[in-house]
Amino acid sequence: LRARRRQYEVRDYVTERSRLENALRERAEALEAAGHAKDEFLAMLGHELRNPLGAIIVAAKILEHPAERARETREPMQPREVIMRQAQHLARLVDDLLDVSRVTLGKVELHTKPVDVSDAVRRCMAALSTGMQMDQHEIVIETHPVWVEADETRLDQIVGNLVSNALKYTPAGGRVRVTVAPDGDSVLIGVEDTGIGVEPSLLPRIFDLFVQGAERLERSRGGLGIGLTLVRRLVELHGGTVAAVSPGTGRGTTFIVRLPRIAAPTDALAPPSTDGDQRGGLQVLVVEDNDDAREMMRHLLLLAGHTVREASDGSMGLAMALDAPPDVAIIDVGLPELDGFEVARRLRADPRGRGVILIALTGYGQHETRARALEAGFDAFLVKPLAADELERILTAAR
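Just so we're aligned: 269 in this note's numbering is position 269 of the sequence shown, and the numbers increase by one with no gaps anywhere.
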């Protein structure tokens, strides 16, 4: 009996040891795969960031050349277009990286309102046309006025990522077709292209994080493999679904977004008020400690017809705002010593500052920072890099 018991104990020990060894081997393989994926992603990220940065640096160097300065008065400046296009590309990369992290952690808060999807699509296509070479493709837009309850910024992001993806994977001369149509209680947004298509093995995983088709070393199409993941998560947050269909490699791809439809608001057909357009420019105070950022903000506001004063720190900005209250104060929250939150609190505590429209400007886009800014007394919250059209919408409403 002892020998048999000993035999069973040895067998159980060997079995358990074998199980543990297999588990450790699988864990080691998973860690190795994760490390490899991390290394690939970091290499890909470095490539994607260096490409636009390299183009921007070269374009800026060209603009400094005396011959290029002389040419500026005779014909359009291609280096300026390159800088704008590549800067927008960098902004999209950073936004996608931050947003996919927030969405994954459940930290994205939607600010919804009734939105006409056809207007959102046309606005998004117009914005994309300034930063991408859409003239190399045949662009077809077919829309019908249909309404959803959505976060307008996130809806633009959904459409923008899908169209950017279609343009990226469709060779020059191909067609990208964007449609918006009602379908019972739903709204369908379709983005169809005649591009390289999707391999059948990849199609079930097309919305997974970091998934992309095979790329050569030069990675001419670019991207981080997170745009479609972000699309799916944002669509799901809106109570919708997204699906991808492709007949196979070289036969194009169609993405279909389905969102809950709502009735058009009763004031949807009311003509827009033009009262705000009758006033002239605003008195704007810019409080920003970065000299280059402050200078560019000043130029942008002056071009829009506003009067601008500047402060390079919180104490100076607070003193200037209380001495001669502006219509609007744009305040970087990350100021040294007296930060933007404290500037806002002190302005709101003083009768002279209570009527000033306060706009927070920051490189920190987390929900906590937004909530802290609103609690401090800010009326609006903008994340760097600044979206000029978004700023202009706020200023137009303030007139």
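Think of the CB as a built atom: it goes at the ideal place given N, C-alpha and C, for glycine as much as any other residue.
Cβ shell of residue i (< 8 Å), same chain only, five flanking positions each side left out
i, result
"Phe207", "Leu228, Thr229, Val231, Arg232, Val242 and Ala244"
"Gly327", "Inspection of the sequence shows that residue 327 is occupied by Asp rather than by Gly. Once the five neighbours on either side are set aside, the close Cβ partners of Asp327 are Leu282, Gln283, Val284, Val356, Ile357 and Ala398."
"Asp291", "Ser312"
"Thr307", "Gly281, Leu282, Gln283 and Val284"
Residue burial classification, residue i (beta-carbon count within 10 angstroms, cutoff 16)
i, result
"Gly160", "buried"
"Ala264", "exposed"
"His111", "exposed"
"Pro200", "exposed"
"Arg154", "buried"
"Ser246", "buried"
"Leu401", "Shown here, the chain extends from 1 to 399; a query on residue 401 therefore has no answer."
"Ala388", "exposed"
Which listed residue (the options) has its alpha carbon closest to that of residue i
i, options, result
"Leu282", "Gly248, Asn290 and Leu300", "Leu300"
"Val176", "Val58, Leu361, Val163 and Pro66", "Val163"
"Met84", "Arg123, Val121, Leu128 and Asp119", "Leu128"
"Val178", "Pro171, Gly190 and Leu167", "Gly190"
"Val433", "Met296, Asp323 and Thr194", "Outside the displayed span of the chain (1 to 399) sits residue 433, for which this structure offers no information."
"Thr396", "Ala304, Leu386 and Arg25", "Ala304"
"Val82", "Val58, Ser18 and Arg2", "Val58"
"Lys384", "Met296, Leu374 and Arg80", "Met296"
"Tyr364", "Asp95, Met316, His238 and Arg5", "Asp95"
"Asp183", "Ser18, Val257 and Arg17", "Val257"
"Val148", "Asp323, Glu138, Ala324 and Asp119", "Asp119"
Straight-line gap, residue i to residue j (C-alpha atoms, nearest Å)
i, j, result
"Arg27", "Tyr13", "21 Å"
"Pro409", "Tyr169", "Within the shown structure, residues of the chain are numbered from 1 to 399, placing residue 409 beyond reach of any answer."
"Leu409", "Gln7", "One cannot answer for residue 409 here, as it falls past the ends of the chain, which runs 1 to 399."
"Thr165", "Phe255", "A quick correction: the sequence has Asn, not Thr, at residue 165. Those two C-alpha atoms are separated by around 10 Å."
"Val121", "Arg205", "26 Å"
"Arg221", "Gly174", "Below a pLDDT of 50, predicted positions are generally treated as unreliable, and Arg221, at 46, falls in that range; the measurement from the model is reported next regardless. Going by the C-alpha atoms only, they are around 15 Å apart."
"Arg345", "Arg123", "36 Å"
"Thr15", "Ala3", "18 Å"
"Gly250", "Ile56", "33 Å"
"Glu192", "Leu167", "10 Å"
Spatial neighbours of residue i in its chain, beta-carbon cut-off 7 Å, leaving aside the 5 residues before and after
i, result
"Gly314", "Val287, Leu335, Glu337, Leu338, Asp339, Gly340, Glu342 and Val343"
"Leu391", "Leu382"
"Arg372", "Phe341"
"Ala321", "Leu285, Ala329, Leu347, Gly353 and Val356"
Residue i and residue j closer than 8 Å at C-beta
i, j, result
"Gly197", "Gly252", "yes"
"Leu90", "Ser186", "no"
"Leu234", "Gln157", "yes"
"His144", "Ala181", "yes"
"Phe378", "Ala349", "no"
"Glu142", "Val115", "no"
"Ala380", "Ile394", "yes"
"Asp332", "Thr369", "no"
"Val146", "Val117", "yes"
"Leu97", "Ile226", "yes"
Any non-hydrogen atom of the ligand MN within 7 Å of residue i CB
i, result
"Leu347", "In terms of ligand content, the structure shown is empty, and the ligand MN therefore cannot be addressed."
Any C-beta of chain C under 8 Å from that of residue i
i, result
"Val328", "No chain C is present in this structure, which holds just one protein chain."
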